[in-house]
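With my numbering applied, the sequence shown covers 2 to 320. Okay, so here's the structure we're looking at.
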Amino acid sequence: MTLPKAELHLHIEGTLEPELVFELAARNGIALPFADIEDLRSRYSFSDLQSFLDLYYAATIVLQTEADFRALAEAYLDRAAAQGLRHVELFFDPQAHTERGVPIEAVIDGLASALEDAEERLGITGGLILCFLRNLPVESAMATLDSLGDRTSRILGIGLDSTEVGYPPELFTAVYARARDLGLHVVAHAGEEGPPAFVTDTLDLLRAERIDHGIRSLEDPELVARLVAERIPLTVCPLSNVRLKVVDEIADHPLPAMIEAGILVTVNSDDPAYFGGYVGDNYVAIARAFGFDDPALAALARNSVIASFASDSRKAELA
Ligand code: ADE
Ligand code: ZN
Numbered sequence: 002m003t004l005p006k007a008e009l010h011l012h013i014e015g016t017l018e019p020e021l022v023f024e025l026a027a028r029n030g031i032a033l034p035f036a037d038i039e040d041l042r043s044r045y046s047f048s049d050l051q052s053f054l055d056l057y058y059a060a061t062i063v064l065q066t067e068a069d070f071r072a073l074a075e076a077y078l079d080r081a082a083a084q085g086l087r088h089v090e091l092f093f094d095p096q097a098h099t100e101r102g103v104p105i106e107a108v109i110d111g112l113a114s115a116l117e118d119a120e121e122r123l124g125i126t127g128g129l130i131l132c133f134l135r136n137l138p139v140e141s142a143m144a145t146l147d148s149l150g151d152r153t154s155r156i157l158g159i160g161l162d163s164t165e166v167g168y169p170p171e172l173f174t175a176v177y178a179r180a181r182d183l184g185l186h187v188v189a190h191a192g193e194e195g196p197p198a199f200v201t202d203t204l205d206l207l208r209a210e211r212i213d214h215g216i217r218s219l220e221d222p223e224l225v226a227r228l229v230a231e232r233i234p235l236t237v238c239p240l241s242n243v244r245l246k247v248v249d250e251i252a253d254h255p256l257p258a259m260i261e262a263g264i265l266v267t268v269n270s271d272d273p274a275y276f277g278g279y280v281g282d283n284y285v286a287i288a289r290a291f292g293f294d295d296p297a298l299a300a301l302a303r304n305s306v307i308a309s310f311a312s313d314s315r316k317a318e319l320a
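Structure (structure tokens):
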């Protein structure tokens, strides 16, 4: 699956493979609550988003230094290049690290330096999207944004992730207004487990340029019409939706209905170390489940470039 494409919904902490968890734990002298790689992998069975997040945050404790964040991003970028990715916009969760005492500078500098080198090393362009954890107080999100200082220039945009139900988008209206004033792109998770009204509010109150997941949008025909009319991209993650039981199985995924409705849909991997595959595996899974032919897959790959925040000249190169 080497169609030139972009990945727009990828949590870099969700690329932390068990082997790297144990390597970094040894390097940093951290005792893990898992016996070994097999034991950790055996826990990759989730009942919902929260059950996954509990394990995802437990594993991130091995990430301590700038070099760790750089190693994490380099490992992902190598895999990304092998799967035909030419542009990647990486989500990261700084509060998951600063809450443990890791300086935000170490997180940003490690990830950003790996991305910068990837341009020359692998021909991949991209940027960092700083996600706020919606289950933490909004004051923590604002403080995180304020703490960026001159590192704001190393950030492409902001996003919103973690536990969705119970944490509506309106909580973050002021944070998003501040980020827009700083000239940052704005995206947000919505409509993964939360209702379609969260998608509508994310557009109206946060003025998100893209919606991450958004698959519950189909429950609201007016919202679907708006997404189509305003060409709002949805970054859909089919294998994630199956693993987190948002859909029962891949054959039940609403992706074909979304495409049929005329929504600008992209295919992404979310947290590939945990969900059974990287972006190419997601393309293969939907091709098999829905009988998508090469032109249909190429159209999805084109959508990913169109929906990206790459420069116009880079988009033209990737067209
Ligand atoms: N953080 C990492 N993966 C996530 C997802 N699929 N939804 C919300 N927050 C996340
Ligand atoms: Zn996500």
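For each residue, glycine too, the CB sits at the ideal point set by N, CA and C. Just so it is clear, the structure is predicted and the values come from calculations on it, not from any experiment.
Candidates the options, of which the one nearest residue i by Cα
i      : options                           : result
Ser218 : Glu121, Val268 and Pro197         : Pro197
Glu121 : Glu75, Glu140 and Arg44           : Glu75
Pro5   : Asp69, Leu91 and Gly124           : Gly124
Ile287 : Thr267, Val306, His190 and Asp272 : Thr267
Val108 : Arg44, Ser148 and Arg211          : Ser148
Gly167 : Leu50, Val243 and Thr126          : Leu50
Asp253 : Ala82, Phe291 and Leu131          : Phe291
Ser114 : Ala258, His214, Leu161 and Ala68  : Ala68
Leu228 : Gly158, Ala262 and Arg28          : Ala262
Gly278 : Gln84, Asp40, Leu41 and Val187    : Gln84
Thr126 : Leu78, Gly158, Asp151 and Ala144  : Leu78
Ala81  : Gly160, Arg42, Asp271 and Ile260  : Asp271
Pro169 : Phe199, Asp151 and Arg179         : Phe199
Ile260 : Met143, Arg179 and Leu298         : Leu298
Asp118 : Thr145, Arg71, Leu41 and Ala144   : Arg71
Val247 : Pro19, Asp40, Val285 and His214   : His214
Thr66  : Leu17, Gly102, Arg152 and Leu319  : Gly102
Ala300 : Arg152, Ser314, Met143 and Leu319 : Leu319
For residue i, the three-state DSSP class (helix, strand or coil)
i      : result
Thr164 : coil
Glu194 : coil
Arg101 : coil
Phe310 : coil
Lys246 : coil
Leu21  : helix
Glu8   : strand
Thr267 : strand
Glu211 : With the sequence shown as reference, residue 211 is identified as Arg, and Glu is not the correct amino acid for it. Of the three classes helix, strand and coil, the one that applies to Arg211 here is strand, per DSSP.
Residue i versus residue j: straight-line alpha-carbon distance, rounded
i      : j      : result
Ile156 : Phe310 : 12 Å
Ala302 : Phe293 : 13 Å
Leu183 : Val225 : 30 Å
Asn283 : Leu256 : 12 Å
Ser163 : Phe92  : 12 Å
Glu100 : Ser141 : 10 Å
Pro273 : Leu206 : 30 Å
C-beta atoms of residue i and residue j nearer than 8 Å
i      : j      : result
Leu56  : Leu64  : no
Asn269 : Leu86  : no
Leu240 : Phe53  : no
Glu14  : Ala97  : yes
Leu137 : Asp94  : no
Ala209 : Ala189 : yes
Leu204 : Arg232 : no
Ala191 : Ile212 : yes
Leu116 : Leu131 : no
Ala308 : Pro222 : no
Glu24  : Ile38  : no
Buried or exposed by the 16-neighbour rule on C-beta atoms within 10 Å, applied to residue i
i      : result
Arg289 : exposed
Ile62  : buried
Glu193 : buried
Glu90  : buried
Pro34  : exposed
Gly111 : buried
Thr236 : buried
Gly195 : buried
Ser1   : Given that the chain is displayed from residue 2 to residue 320, the structure contains no residue 1 and the question cannot be resolved.
Ala1   : Nothing about residue 1 can be reported from this structure: the residues present for the chain run from 2 to 320 only.
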